[in-house]
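Numbered according to the numbering used here, the sequence shown spans residues 307 to 445.
All C-beta atoms, glycine included, are put in the ideal place defined by N, C-alpha and C.
Quick caveat: nothing in here was measured; it's all calculated off a predicted structure.
Everything on this sheet refers to the single structure shown next.
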Amino acid sequence: MEISKRIKIGNNDYYIIVDVEYRKIGDNFPSLCLKNYKDEHWDGGDCSILIEEVEKQYTPEKAKHYDEHIGFMADVLYIYDRMPFISGIKDIYISKNDNIPYSEGYISKEEMDKYIKEFNIKMNPNPNFKLNDGRTWKL
Numbered sequence: 307m308e309i310s311k312r313i314k315i316g317n318n319d320y321y322i323i324v325d326v327e328y329r330k331i332g333d334n335f336p337s338l339c340l341k342n343y344k345d346e347h348w349d350g351g352d353c354s355i356l357i358e359e360v361e362k363q364y365t366p367e368k369a370k371h372y373d374e375h376i377g378f379m380a381d382v383l384y385i386y387d388r389m390p391f392i393s394g395i396k397d398i399y400i401s402k403n404d405n406i407p408y409s410e411g412y413i414s415k416e417e418m419d420k421y422i423k424e425f426n427i428k429m430n431p432n433p434n435f436k437l438n439d440g441r442t443w444k445l
């Protein structure tokens with residue numbers, strides 16, 4: 307299953323994409339978990355709080371740390387560095403004339419990882435990140 311949540315970075319609206327799946331926990335109790343990120347329970351409320359914090363802490367200067375030339379990649383990597391569990395990011399542009407989407411882009415986690423490696427982008431690894439523990443978030 308795929309969950310999409312909006313995040314506003316600067317003047318741009320992005321949508322983080324999170325892959326989740328139901329798993330048996332304990333006595334066959336179903337629990338919604340992050341599919342491709344450790345064995346972690348998904349919590350939409352904690353994710354919304356994290357999104358709010360990432361939005362509040364954003365500055366163009368922080369984003370330029372990731373890419374000085376391509377604003378889209380700077381924003382995407384800024385988000386990815388703080389939300390390592392996402393499987394991709396969409397950007398959707400809304401037409402001002404008729405208020406409907408007229409362009410949509412998507413970059414996957416694999417494409418972000420390739421870009422980071424190819425262009426030697428310095429990320430801030432956070433192996434202790436837990437969605438349900440705000441003390442582990444790097445903002």
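Under the three-state reduction of DSSP, Lys314 is assigned to strand. Between Cys339 and His347, the C-beta spacing is below 7 Å.
In this structure, Glu308 is the residue among Asp381, Glu308, Ser409 with its C-alpha nearest to the C-alpha of Asn342. Judged by DSSP secondary structure, Ser354 falls within the alpha helix (DSSP H) whose first and last residues are 350 to 363.
Below 8 Å, too few C-beta pairs join the region 355 to 370 and the region 401 to 419 to call them touching: fewer than three. Taken through DSSP and simplified to helix, strand or coil, Ile422 comes out as helix. The bridge partners DSSP lists for Arg329 are Ser337. Annotation for Tyr399: the continuous beta strand (DSSP E) segment containing it runs 394 to 400. Beta-bridge analysis with DSSP links Glu308 to Asp325.
In this structure Tyr384 is in contact with Tyr364, their Cβ atoms being roughly 7 Å apart against a cut-off of 8 Å.
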